[in-house]
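Taking it in order: structure first as structure tokens, then the write-up.
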Ligand code: GDP
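Residue numbers (this note's numbering): 5 to 616.
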């Protein structure tokens with residue numbers, strides 16, 4: 005068992021959260037350095053620096069800044085004051101682990117090593133992007149790459165002159181901007197392919213705009229120079245009109261002439277990429293837990309969620325625990341573009357991994373963590389937050405009370421309703437009567453209208469979209485009812501369309517009256533049926549939740565649908581009449597005027613009480 009802990013014991017990687025300093029050292033002076041995390045008032049700062057607040061006020065006054073003792077100071081001013089009074093200062097941005105996307109790595113120069121440039125190829129359709137990707141892949145093949153050309157993932161590393169270049173394999177700017185729209189920037193250099201026989205075209209211009217917006221340098225590859233009539237100079241002139249100025253024109257954009265098809269100028273292009281990489285001084289710290297971006301992801305038939313990741317900082321080891329979006333998991337298998345198993349992946353390496361709990365989205369950021377517990381906790385926090393965010397975005401109200409209050413305040417309100425009814429026809433009917441209530445101030449948005457019992461997926465959808473659940477002739481099970489309380493989802497139940505619409509209408513009109521609400525006493529399951537002549541059907545039941553009382557109202561539910569509502573005629577423990585039978589006990593009961601009970605039916609006992 006000794007080997008079981010293997011690399012973790014000699015894992016010398018730095019945590020990505022070195023910013024996590026001891027609470028007690030924050031906003032304090034340590035060895036002459038004032039370490040602060042937040043803005044402070046003049047008074048607070050004076051206390052920590054052991055000086056008089058009036059000294060700070062005077063100093064700032066001399067700079068024509070008038071402040072009072074309770075005024076908050078910005079970071080720059082705090083820094084200035086520290087220096088004035090002989091302290092060094094340091095601002096720490098504390099990033100919670102679940103916000104790992106926000107980490108800014110401030111690595112010591114000595115820990116940084118060169119990393120491969122990451123290149124995306126863009127350009128107008130048919131200008132030769134795919135042909136170029138192919139030509140690069142095949143050019144200068146190292147012996148070890150032979151036979152391994154078939155590619156498994158959407159990015160690959162090319163070794164050229166003993167240096168590596170990473171190519172993202174989805175050419176075009178759609179993937180590029182999709183990533184960017186998700187806040188990910190993976191590309192260091194854009195290679196803009198322009199066909200010499202066609203010149204600058206609409207998508208060429210779009211690609212330029214995307215690269216510029218992302219502040220990524222462009223290398224122009226003027227392609228198809230083998231075609232008779234090709235005119236590279238015309239391309240260079242046209243590009244200048246779009247502010248892409250070639251070096252030969254006095255600008256800083258490298259241009260090379262190639263033929264992807266005839267394999268001309270490819271090495272020159274690779275040289276330029278490496279030159280541009282040198283200019284950019286691309287570096288990373290391999291001695292950290294890995295972080296980077298999902299390039300693509302899918303559900304693999306055999307292996308579950310499969311994702312191509314680009315490691316951008318740190319080193320990813322197989323068997324690391326990774327969090328991506330709201331998914332997490334242990335890297336069970338890590339492979340390169342040739343499907344070769346990798347043990348570790350350094351910065352700028354694209355890898356394919358399996359082991360995540362869900363399929364992430366392209367553009368999601370990932371980070372590796374030392375323990376499964378940590379990874380799981382972070383993923384869960386993120387999941388909860390996501391639900392919260394969708395909730396806030398959906399703009400609905402969580403209850404009729406909230407709807408009423410918002411209307412009173414004159415706000416525009418959207419009310420999201422999830423509707424379940426005993427049949428699809430009724431669901432439609434209720435839906436259309438509700439939609440008639442729309443007016444200038446209210447938008448009624450039915451997010452689901454379907455037949456069937458209220459189930460867990462309804463609850464999740466309602467929670468995520470801030471919806472009120474309306475049940476028409478259907479009931480939630482006691483499990484769902486409890487869960488709805490936990491999730492803060494309001495469930496309202498009706499048996500008459502008119503009563504349902506009237507309720508919503510009065511809330512809209514601001515006529516919320518003191519209403520009677522139902523209080524559930526308990527729930528019992530029918531276990532045995534005894535048909536007794538002259539008496540009727542007696543049900544042998546087990547009380548599963550709460551209590552049944554002899555004066556309870558009852559509802560009979562079959563498969564989540566109400567089949568009868570009425571009162572109890574009798575309630576017995578063994579032979580004796582009982583006032584109350586609690587959960588966990590058996591009882592015999594008869595429902596007044598109802599004999600069609602079946603085994604497995606649920607009996608819900610409730611009473612009406614005035615709402616507080
Ligand atoms: P993409 O749409 O930008 O990916 O363009 P492709 O790589 O699919 O190329 C479009 C067409 O141009 C194909 O028929 C290629 O064979 C052809 N092509 C690409 N590069 C060259 C080149 O350097 N010279 C010539 N003559 N044809 C090329």
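Every residue gets a Cβ at the ideal spot worked out from N, C-alpha and C, and that includes glycine.
Report task. Measure the C-alpha to C-alpha separation of residue 426 and residue 582 and round it to an integer number of angstroms. Result -> The count along the chain shown starts at 1 and reaches residue 426 at position 422. The count along the chain shown starts at 1 and reaches residue 582 at position 578. Cα-Cα distance, rounded: 33 Å.
Once you ignore the five residues that flank residue 63 on each side, which residues in its own chain have a CB closer than 8 Å to its CB? For this step, residue 63 is matched to residue 59 along the chain shown. So the qualifying residues of the chain are 85 and 88.
| task | Helix, strand or coil for residue 32, going by three-state DSSP, please let me know. | result | Working through the chain shown from its first residue, we reach residue 32 at position 28. Residue state, collapsed to three classes: strand.
Just to confirm, does residue 246 get its C-beta within under 7 Å of one of the non-hydrogen atoms of ligand 3?
-> Among the ligands modelled here, namely ligand 1, ligand 3 does not occur.
For residue 498, which beta-bridge partners are listed by DSSP?
The residue labelled residue 498 in the question sits at position 494 within the chain shown. In the DSSP output, where bridge partners are listed per residue, residue 498 has 476.
Query raised in the report: Cβ of residue 455 within 8 Å of Cβ of residue 431?
Result: Sequence index remark: in the chain shown, residue 455 carries index 451 (1-based). Sequence index remark: in the chain shown, residue 431 carries index 427 (1-based). Going by C-beta atoms, residue 455 is nearer than 8 Å to residue 431.
_ligand 1 heavy atom lying under 7 Å from the CB of residue 356_ = Indexing the chain shown from 1 puts residue 356 at position 352. Result no, Cβ not under 7 Å from ligand 1.
### Task
Measuring alpha carbon to alpha carbon, tell me which of 257, 212, 219 and 202 ends up nearest residue 232.
Mapped onto the chain shown, residue 232 falls at position 228. Selected option, being the one with the closest Cα: 202.
Is residue 581 helix, strand or coil when you go by DSSP?
Here residue 581 refers to the residue found at position 577 when the chain shown is read from its first residue. Residue 581: strand per DSSP, three-state reduction.
- [ ] May I ask you to verify whether the stretch 123–134 touches the stretch 249–258, counting CB pairs closer than 8 Å and requiring at least 3?
- [x] no
Have a look at residue 614 and residue 537 and give me their C-alpha separation to the nearest angstrom. Locating residue 614 in the chain shown gives position 610, where the first residue counts as 1. Locating residue 537 in the chain shown gives position 533, where the first residue counts as 1. For residue 614 and residue 537, the distance between alpha carbons rounds to 40 Å.
Sheet register partners of residue 304 (DSSP bridge) = In the chain shown, counting from the first residue as 1, residue 304 sits at position 300. For residue 304, which the question treats as bridged, DSSP gives the partners 308.
For residue 604, count neighbouring Cβ atoms within 10 angstroms of its own Cβ and tell me buried if that reaches 16, exposed if not.
Residue 604 sits at position 600 when you count from the first residue of the chain shown. That one is exposed.
Practice task
Quick one: residues in its chain with C-beta nearer than 7 Å to the C-beta of residue 19, no 5 flanking neighbours on either side, listed in chain order?
Solution key: Taking the chain shown and counting its residues from 1, one reaches residue 19 at position 15. Same-chain partners within the cutoff: 293.
Exposure label - residue 303; buried when at least 16 CB within 10 Å | Along the chain shown, read from residue 1 onward, the residue named residue 303 stands at position 299. Residue 303 comes out exposed.
### Local Cβ density within 10 Å of residue 570, reported as buried at 16 or more and exposed below that
Here residue 570 refers to the residue found at position 566 of the chain shown. Looking at its Cβ environment, which holds fewer than 16 other Cβ atoms inside 10 Å, residue 570 is exposed.
**Message:** Here's a check: name, in chain order, each residue in its chain whose Cβ is nearer than 7 Å to the Cβ of residue 147, leaving out the five neighbours to either side.
**Reply:** The residue you call residue 147 lines up with position 143 of the chain shown. Reliability of the predicted coordinates at residue 147 is poor, the pLDDT of 45 falling under 50, and the value obtained from them is presented with this limitation in mind. Here the set comprises nothing.
Touch test, the stretch 477–485 against the stretch 371–383, Cβ-Cβ under 8 Å, three pairs minimum
no
Quiz item: Roughly how many angstroms separate the alpha carbons of residue 170 and residue 353, rounded to a whole number?
Solution: Here residue 170 refers to the residue found at position 166 when the chain shown is read from its first residue. Here residue 353 refers to the residue found at position 349 when the chain shown is read from its first residue. Cα-Cα distance, rounded: 7 Å.
Could you spell out the range, first to last residue, of the alpha helix (DSSP H) harbouring residue 205? Numbered from its first residue, the chain shown carries residue 205 at position 201. Segment: none, residue 205 is in no alpha helix (DSSP H) and carries neither H nor E.
For ligand 1, is there any heavy atom lying closer than 7 Å to the beta carbon of residue 110?
Position 106 of the chain shown, counted from the first residue, corresponds to residue 110. Incorrect: residue 110 has no Cβ contact closer than 7 Å to ligand 1.
Check your understanding: Touching or not, the stretch 307–317 and the stretch 129–143, by the rule of three or more beta carbon pairs under 8 Å?
Key -> no
What residues in its chain sit with their C-beta under 6 Å from that of residue 73, if we drop five residues either side in the sequence? Here residue 73 corresponds to residue number 69 of the chain shown, with the count starting at 1. Taken in chain order, the residues that qualify are 46, 47 and 57.
Between residue 224 and residue 204, is the Cβ-Cβ spacing less than 8 Å? As a working note, residue 224 is residue 220 in the chain shown. As a working note, residue 204 is residue 200 in the chain shown. Contact flag unset, no.
| task | Could you name the residues of the same chain whose beta carbon sits closer than 8 Å to that of residue 260, not counting the 5 residues immediately before and after it, in chain order? | result | As a position in the chain shown, residue 260 is number 256, starting the count at 1. The answer, listed in chain order, is 223, 224, 225, 226, 269, 272, 273 and 276.
Quiz prompt | Simplified DSSP state of residue 293, which is helix, strand or coil | solution = By 1-based counting over the chain shown, the position of residue 293 is 289. Correct three-state label for residue 293: strand.
_So, with DSSP's three-state summary, where would you put residue 249?_
Translated into positions along the chain shown, residue 249 becomes position 245. Coil at residue 249, not helix or strand.
Would you call the stretch 35–44 and the stretch 88–106 touching, i.e. three or more CB-CB distances under 8 Å?
yes
Closest by C-alpha distance to residue 279, when choosing among 470, 164, 106 and 555:
As a position in the chain shown, residue 279 is number 275, starting the count at 1. Considering only alpha carbons, the answer is 164.
Q. Taking three-plus beta-carbon pairs below 8 Å as touching, is the stretch 403–412 in contact with the stretch 341–360?
A. no
query: Under the criterion of a Cβ to heavy atom distance below 7 Å, does residue 130 qualify as lining ligand 1?
result: Along the chain shown, read from residue 1 onward, the residue named residue 130 stands at position 126. True, at least one ligand heavy atom lies under 7 Å from that Cβ.
query = By a C-beta neighbour count over all protein chains shown, 10 Å radius and 16 as the cutoff for buried, is residue 435 buried or exposed?
reply = Here residue 435 corresponds to residue number 431 of the chain shown, with the count starting at 1. Buried, since its Cβ has 16 or more Cβ neighbours within 10 Å.
As assigned by DSSP and simplified to three states, the class of residue 429:
Numbered from its first residue, the chain shown carries residue 429 at position 425. Residue state, collapsed to three classes: helix.
So the candidates are 448, 553 and 158; which of them puts its Cα closest to the Cα of residue 341? Indexing the chain shown from 1 puts residue 341 at position 337. The option with the nearest alpha carbon to residue 341 is 158.
* To do: Using 7 Å as the cut-off, classify the Cβ of residue 143 as near or not near the heavy atoms of ligand 1, replying yes or no.
  => On the chain shown, position 139 is the one that residue 143 refers to. No, the beta carbon of residue 143 sits no closer than 7 Å to any heavy atom of ligand 1.
Quiz item: Within the chosen definition, does the stretch 107–116 reach the stretch 192–202 through at least 3 CB pairs nearer than 8 Å?
Solution: no
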